[in-house]
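With the numbering used here, the residue at position 471 of the sequence shown is 597, and numbering never jumps.
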Amino acid sequence: MAKDKNKNMSFGQQVKNLIRTYKLVSSLEPGYISTKLCRAFMGSLSSMIVVFFSARVIDELTGDRDVHLLVIYIAVTVGAGFLLKLLSKVFGAKEEVHKQALNYKYELVLSEKSRELDYEYMEDGSVNSSINTVKELSGTSGEGFMRHEQAFNFLAGNVSTLLISLFVLSGMFITSDGYEENFFTGGWSLVIFVVFVIFTLYITTALGDKLRKIYYTRLGQSSGSMKFLRYYAEYTDIGRAGKDIRLYNQAPAVSELFHDAYFKNNFWKKVEVICGVEFGLSAACSSFLYGLSFLFVGLRALHGMYSIGSVVLYTTALTGVTGQIVNIFANTVRQLNNGEYMQKIFDFLDLPSKKRVSSDHILGQTDCEIEFKDVSFKYPGSESYALKNLSLKLNMGTKLAIVGMNGSGKTTMIKLLCRLYDPTEGVITINGTDIRDYVIEEYLALFSVVFQDFKLFSFTLGQNLAAAMEYDSTRAYNALEKVGFDERLNNMEDGLNTYLYKQFDEDGVEISGGEAQKAALARAIYRDTPFMVLDEPTAALDPLVEYEIYTRFNSIIGNKTAVYISHRLSSCRFCDDIAVFHEGKLVQQGSHDQLVGVRDGLYFELWNAQAQYYAD
Ligand code: ADP
């Protein structure tokens, strides 16, 4: 992911991002933009109707004083004002529903993207940090998606007020006869007035823009602090660090760091000053423009060009036009600047899939032979090979053990087998065809893997086993019984419907590490696939327990194909075929008896080194 794409983003790119953001909004929630525009238009119109008829009332009071007309004006003002306000509220309510839906759909798009990303991105630090940034940018404060929404909200109001004000101002050119022709009612006064207005608008927008740029630069500088705040919230505020933070009395240190990060370089004070100056400046300019408009229209009215009521109407409309031009500029710039933050979101959404995904080959049969053919693999960004020239066959129904020291490449081999990564060199085939040529979902449906860092979710036990909302109770119960979880299950009030953990259900149960391991094994058994893989889910247990679990699991799965991984040789000695990995290479292969007989082999060396811990 390009990290510094955001620095000095060109105006063209900002515009492109703005257009893409609008497209994203309208594709996610059709009808949202039009509803917002309708709401804004009704709101602006209802305000202007009141001013318009107030002007008529003043004219009537200072003119013919026709009571009937006065009553009609007042009735229309109240009636139309009420109706438009009502419509504006109706659209406002619709808009709120759209807004919530938009927010939800946007979150969904992000989380779907995260889930569909190639696994290798998950282990890539820069992508991980981008995902966090993107999450941060979806919040309702700060920049990003919702800032666009906020600026658009203002913009909708600005544009409708501008259009209505311009329409009202067109009346300035329809004048009654009989006014005094002089400098004030002539064309030059209009030109001078317009020049003054443009000059003031220029000053307001240019200075405002400068101040906003400073604000954005400062915001950028605070990203380091934001990163820390995220860390603070995620790791120290909730259960995860609960024990450690208390036992080591680390709370004061964390609070101090938090305080420093948040108030670093007097950041918020400076932001406050910038915002204050910007607001003050715009207030001064708008007051000046209001005075100028009053003077211009007032002098013309004094010389008989407009009625007294029109002074109120045109002054309000002129102020509306000038004020909204400033606002439209400011909010458009805000949206354009926000394009820099939207770029981070788009970069994330555009992350391509590096995996070759083919839909050519359908995996019809489950009777398969898998073969690694001269496979080598480097992790992205890594110079060294995690696996080198691996050639290995996995025949249907065999039990293969992969042993070797930590870091020898065992898990990497499983990641390649499950297509979490694709080989850098060489191929993995299934019945002679490259595994990348198969529909990935069908291929993955062949495997049940229990990794060391397996995850259970805060769903019910049954749903966890099925990895779906619906589950087969008998199948789930049988799987749990096989791994020895049945006793614990009997203690669960809601049985298979008991929620694990408490995130979704406060009556959820906390299960121990050992119980979680059993549940994870049961999940693999429930899945009932032709290939089973245990990648040291029991590494935290002692070797004898691991051996027991592995052999028990082996007898449960019957004649399925299985791969057992362990850095402890004793755990896998029941396997007929044992592959010994060392520094990314397959260095020995055979049965336990064969390998232990090779005195100068690594297996013999490791066996003897480890045997002292569990000789009995
Ligand atoms: P084992 O399962 O045998 O303990 P691994 O397959 O996990 O070993 O690791 C093999 C090598 O690849 C090690 O040198 C390890 O540091 C490296 N490695 C593992 N995961 C990654 C990763 N995500 N990025 C870079 N290197 C990795």
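Virtual Cβ for every residue (Gly too), placed ideally from N, Cα, C.
These numbers come from a predicted model, not from an experiment.
D654 has its alpha-carbon roughly 11 Å from the corresponding atom of L591. Its chain contains Y690, C698, C701, I704 as the residues whose beta carbon lies nearer than 6 Å to that of A527, once the 5 sequence neighbours on both sides are disregarded; these appear in chain order. Within the DSSP bridge table, the entry for S574 names M658 as partners. Your pair Y158 and L228 checks out as a contact, with CB atoms roughly 6 Å apart and the cut at 8 Å. Looking at the DSSP output, K504 sits in a beta bridge with Y511. For the pair M658 and I675, the CB atoms are not nearer than the 8 Å cut-off. For S692, the uninterrupted beta strand (DSSP E) segment begins and ends at 687-692. N143 sits away from F455, with the two beta carbons spaced by 8 Å or more. For F707, the pairing in a beta bridge is given by DSSP as G530, L712. Fully enclosed beta strand (DSSP E) runs of no fewer than 3 residues occupy 573-577 of the region 572-653, in order along the chain. At a cut-off of 7 Å, the beta-carbon of F707 counts as near the ligand ADP: some heavy atom of the ligand is closer than that.
Under the three-state reduction of DSSP, L516 is assigned to strand. Between I651 and I556, the C-beta spacing is not below 8 Å.
Setting aside the 5 residues that flank it on each side, D185 is surrounded in the same chain by S433, I434, G435, S436, each with a C-beta closer than 8 Å to its C-beta; the list follows chain order.
Remark: the C-beta of G449 is outside contact range of the ligand ADP, defined as less than 7 Å to any heavy atom. If the five residues before and after L327 are omitted, its C-beta is found closer than 7 Å to the C-beta atoms of T448, I451, V452, all from its own chain and listed in chain order. Contact between S237 and G207 fails: their C-beta atoms lie close to 45 Å from each other, not under 8 Å.
A distance of 8 Å or more separates the beta carbons of Y625 and F580. Closest option to R601, judged by alpha-carbon separation, among E567, R649, Q643: R649. T555 sits in a strand when the DSSP states are folded into three classes. Not a single heavy atom of the ligand ADP lies less than 7 Å from the C-beta of G169.
The criterion of a C-beta distance shorter than 8 Å is satisfied by S502 and E551. As DSSP reads the structure, I496 sits in a beta bridge with L520, I556. Taking a contact to require three or more Cβ pairs closer than 8 Å, the region 147-166 and the region 266-282 qualify as touching. With a cutoff of 7 Å, N515 does not count as near the ligand ADP, since its C-beta is closer than that to no heavy atom of the ligand. Counting along the chain, no alpha helix (DSSP H) covers L477, and no H or E run does either.
The C-beta distance from S419 to L444 rounds to 4 Å, short enough to fall under 8 Å. Per DSSP, the continuous alpha helix (DSSP H) segment holding M248 begins and ends at 245-248. Following the DSSP letters along the chain, one finds A665 in no alpha helix (DSSP H), marked with neither H nor E.
Contact between V177 and V438 holds, with the beta-carbon distance rounding to 7 Å and staying under 8 Å.
Inclusion of K536 in the 7 Å shell around the ligand ADP follows from its C-beta lying nearer than that to a non-hydrogen atom of the ligand. DSSP links K261 through a beta bridge to no other residue.
Relative to the Cα of R562, the nearest Cα in the group M298, Y547, L187, L373 belongs to Y547. Here DSSP, grouped into helix, strand and coil, assigns Y305 to coil. Spanning the alpha carbons of F498 and L712 requires a straight line of approximately 11 Å.
Selection V576, N616, N680 evaluated against Q643 yields V576 as nearest (Cα-Cα).
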